[in-house]
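Scroll down for the structure; my scribbles are underneath it.
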Amino acid sequence: MSGVKVRLGDLLVQQGLINEEQLTSALAEQRQTGRKLGATLIAMELVSEKQLLELLSAHLNVPLIDIDQFNVNPAAVKLLPEVQARRYRALVLEDRGDKLLVGMSDPADLTAVDNLADLLPKPMEVAVVSEQQLFGAYDSFYRRTDEIASFAQQLANEYRDEQEFELTAGLDDEQDTAVARLLQSIFEDAVQAKASDIHIEPDEQQLRIRQRVDGVLQETVIPESNIAAALVLRLKLMAGLDISEKRLPQDGRTQVRVKGHRVDVRLSTMPVQSGEAVVMRLLDQSAGLLTLDETGMPKPILDRLRTLLKRPHGMILVTGPTGSGKTTTLYGALSELNQPQRKIITVEDPVEYRLPRINQVQVNSRIGLNFSSVLRTTLRQDPDIIMVGEMRDQETVEIGLRGALTGHLVLSTLHTNDAVSSAIRLLDMGAAGYLVASSLRGIIAQRLIRRICDNCEVEHQPSHDELFWLSHIDRSVETVTFKRGKGCQKCNHTGYRGRIGVFELLELTDPMMNALKSGDTVAFGEHAMRSPGYKPLSHVALTYAKMGMTTVEEVLKLVEMVAEIPGNEKDEEVTTTDNKGAQGSSGLSLEDLPDA
Numbered sequence: 001m002s003g004v005k006v007r008l009g010d011l012l013v014q015q016g017l018i019n020e021e022q023l024t025s026a027l028a029e030q031r032q033t034g035r036k037l038g039a040t041l042i043a044m045e046l047v048s049e050k051q052l053l054e055l056l057s058a059h060l061n062v063p064l065i066d067i068d069q070f071n072v073n074p075a076a077v078k079l080l081p082e083v084q085a086r087r088y089r090a091l092v093l094e095d096r097g098d099k100l101l102v103g104m105s106d107p108a109d110l111t112a113v114d115n116l117a118d119l120l121p122k123p124m125e126v127a128v129v130s131e132q133q134l135f136g137a138y139d140s141f142y143r144r145t146d147e148i149a150s151f152a153q154q155l156a157n158e159y160r161d162e163q164e165f166e167l168t169a170g171l172d173d174e175q176d177t178a179v180a181r182l183l184q185s186i187f188e189d190a191v192q193a194k195a196s197d198i199h200i201e202p203d204e205q206q207l208r209i210r211q212r213v214d215g216v217l218q219e220t221v222i223p224e225s226n227i228a229a230a231l232v233l234r235l236k237l238m239a240g241l242d243i244s245e246k247r248l249p250q251d252g253r254t255q256v257r258v259k260g261h262r263v264d265v266r267l268s269t270m271p272v273q274s275g276e277a278v279v280m281r282l283l284d285q286s287a288g289l290l291t292l293d294e295t296g297m298p299k300p301i302l303d304r305l306r307t308l309l310k311r312p313h314g315m316i317l318v319t320g321p322t323g324s325g326k327t328t329t330l331y332g333a334l335s336e337l338n339q340p341q342r343k344i345i346t347v348e349d350p351v352e353y354r355l356p357r358i359n360q361v362q363v364n365s366r367i368g369l370n371f372s373s374v375l376r377t378t379l380r381q382d383p384d385i386i387m388v389g390e391m392r393d394q395e396t397v398e399i400g401l402r403g404a405l406t407g408h409l410v411l412s413t414l415h416t417n418d419a420v421s422s423a424i425r426l427l428d429m430g431a432a433g434y435l436v437a438s439s440l441r442g443i444i445a446q447r448l449i450r451r452i453c454d455n456c457e458v459e460h461q462p463s464h465d466e467l468f469w470l471s472h473i474d475r476s477v478e479t480v481t482f483k484r485g486k487g488c489q490k491c492n493h494t495g496y497r498g499r500i501g502v503f504e505l506l507e508l509t510d511p512m513m514n515a516l517k518s519g520d521t522v523a524f525g526e527h528a529m530r531s532p533g534y535k536p537l538s539h540v541a542l543t544y545a546k547m548g549m550t551t552v553e554e555v556l557k558l559v560e561m562v563a564e565i566p567g568n569e570k571d572e573e574v575t576t577t578d579n580k581g582a583q584g585s586s587g588l589s590l591e592d593l594p595d596a
């Protein structure tokens, strides 16, 4: 490699991929941006990354490797520190005994090659790899697990007694710095893994740090259990909580900056047997809010929801368990409704995202500022649209329903399993049937299910028991070829990468309203199931599985959550689908579904 000299621009011209005029233009652009010529040419869409990589591979006589398909050795990766790997755009892929296989996005960079040869403990063989795949591999392989363990051990060695932590809290700069470094590593690792929550859970003999990634917890165990008090103490100080109170739960909020991103942290502490457990919800403010189009809601449901949002009054509920994306949907709706001619007031606990032009009220029950009291005042503030974070009690429900009845559009959430049970839940909470029937306009129920990794998907034959349960939703399942992810580097060997929303929308019809007025919940459920356009969550999820977007396992998990009774009336309405996305049991087609 050290004897190879190549000018990329001349090589591209020789191969006929660009002309002299395009090369001159790209060189001028490169001088302005400071980027490498290859990245500049790709950004200008003069060549594709694949063309560039294939050209380099052939000219330099080095292999072209697809990192996503290659079985990268995690131990070999660690032979090159992350800082140097990112600096030289390189990754150690494999230890071949006498040599190391190193992937580089630009093997023609002889300075980088020579410097890597000096850094690595063995001679190297160079391969060309995609820069985009390199960045994904960095986040996957250079996790902060070792760094967290190292900082934890240092902290435990310096302060072995839990009381020593507390006595010097805020006074000892060295201790404060050590705890800060450890917490920063924990936050960086969580953001890198795209975790939504961090759990810090002390045990008698160890400390567990768990992260929720794509709805599933991943665990790191730290043997230094005595550092738990230091972490909790520091987090309480950051969130402005009472550090002397350990017997009662506390809630707070703080902000951290991780890799240039501003991350809001919602913090909740709870006393447990071995100390205090902390759960932190991470909200990346730098990522911005999702619009309704970006939530993944299928077009037929999205169009019907937008029609409901255009109505001047009435209540729209978004339902589902914690972590199902209800707040994202509500904020997406508010973003569309946020116009200068409309006054919007929200009552939230807590306020998750700050929105311009919208009056957002943070509930504080300690001073009597609860949902019902704020909602009463809100109705006197001349709003057009009101968003209530959650319908928690009878008083809040009744005020919200009356507000919807008196000319306001009211948006709120409710913790129920599906759309049909949501209206019935309002009756159970003490709301009058006539009030629910007159005010409620539509209910969205939603879940987030894991998406199959598109890099390692393979065909999957469900078991007999799985087919038996699925056949209650759609009798055509025995003829369908399902898929699953076998696990790869790209998905951290889980077989899943990312999540997709599953939605159902129930619009109230006259028969449903009449059933609510008379308090006949059975009749309401029957009319709802036969309502035009209504498709249960399980039908929609199964359609995704038939299209190869999720697995049978995820569908059955969702069916268990909503506790749908097999053999309901929808069985008669089921139609078949093929894997290319023809009409399915949910009434959705592949064109209706999101790309991401």
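Mapping of the sequence shown onto the UniProt record's numbering: residues 1 to 596, in sequence order. Where a beta carbon is used, it is the ideal one built from N, C-alpha and C, also for glycine. If you're wondering where the values come from, they're calculated on a predicted model, not measured in any experiment.
- For the stretch 294 to 342, the continuous beta strand (DSSP E) assignments of 3+ residues that do not extend past its boundaries occur at 314 to 319, in sequence order.
- Beta-bridge analysis with DSSP links residue 460 to 482.
- For residue 503, the enclosing beta strand (DSSP E) begins and ends at 496 to 507.
- Note that the C-beta distance between residue 67 and residue 127 is not below 7 Å.
- Secondary structure of residue 412 (DSSP, three-state): strand.
- In this structure, residue 360 sits near residue 346, with a CB-CB distance shorter than 7 Å.
- Residue state for residue 268 is assigned as strand, using DSSP reduced to three classes.
- Using a Cβ distance threshold of 7 Å, residue 156 and residue 226 count as a contacting pair.
- Look at residue 390 here: in three-state DSSP terms it is coil, with no helix or strand label.
- By the Cβ rule, the stretch 331 to 345 counts as touching the stretch 369 to 389, because three or more pairs are nearer than 8 Å.
- Assignment of beta-bridge partners to residue 276 by DSSP yields 271.
- For residue 554 against residue 541, the beta-carbon gap comes to about 7 Å, under 8 Å, which counts as contact.
- Assigned with DSSP and collapsed to three states, residue 215 falls in coil, not helix or strand.
- Taken through DSSP and simplified to helix, strand or coil, residue 547 comes out as coil.
- If you look at residue 433, you'll find it isn't in any beta strand (DSSP E); it sits in the alpha helix (DSSP H) that goes 433 to 439.
- DSSP, read as helix, strand or coil, puts residue 202 in strand.
- DSSP places residue 360 in the strand class (E or B) of the three-state scheme.
- According to the DSSP secondary-structure assignment, residue 527 is paired through a beta bridge with no residue.
- The three-state reading of DSSP puts residue 384 in coil, since its state is none of H, G, I, E or B.
- With a beta-carbon spacing of about 18 Å, residue 76 and residue 112 fall beyond the 8 Å limit used to define contacts.
- Excluding five sequence positions before and after residue 22, the CB atoms of its chain that fall closer than 6 Å to its own CB belong to 46, given in chain order.
- The alpha-carbon separation between residue 74 and residue 190 amounts to approximately 19 Å.
- Cα atoms of residue 204 and residue 222: separation of roughly 12 Å, rounded to the nearest angstrom.
- Rounded to whole angstroms, residue 389 and residue 39 show a C-alpha spacing of 45 Å.
- Residue burial is scored here from C-beta neighbours: residue 141 has at least 16 other C-beta atoms within 10 angstroms and is therefore classed as buried.
- Counting only residues of its own chain and dropping the five nearest sequence neighbours on each side, residue 213 has a CB closer than 7 Å to the CB of 193, 194 and 195.
- Within the same chain, and ignoring the five residues on either side of residue 215 in sequence, the residues whose Cβ sits closer than 7 Å to its Cβ are 323, 448, 450 and 499.
- For residue 346, there is no enclosing alpha helix (DSSP H); the enclosing beta strand (DSSP E) covers residues 344 to 348.
- The secondary-structure analysis by DSSP pairs residue 450 across a beta bridge with 499.
- For residue 491, same chain residues with a beta-carbon under 8 Å away, outside a window of 5 residues either side, are 453, 455, 456, 485 and 497 in chain order.
- Residue pairing from DSSP places residue 210 in a beta bridge opposite 199 and 219.
- Exposure of residue 382 is indicated by the presence of fewer than 16 other C-beta atoms within 10 angstroms of its C-beta.
- In this structure, the straight-line span from the alpha carbon of residue 551 to that of residue 544 is close to 8 Å.
- In terms of Cβ geometry, residue 318 and residue 337 do not form a close pair [threshold 7 Å].
- For residue 127, the enclosing beta strand (DSSP E) stretches over residues 124 to 128.
- Around the C-beta of residue 367, fewer than 16 other C-beta atoms lie within 10 Å, and the residue is accordingly described as exposed.
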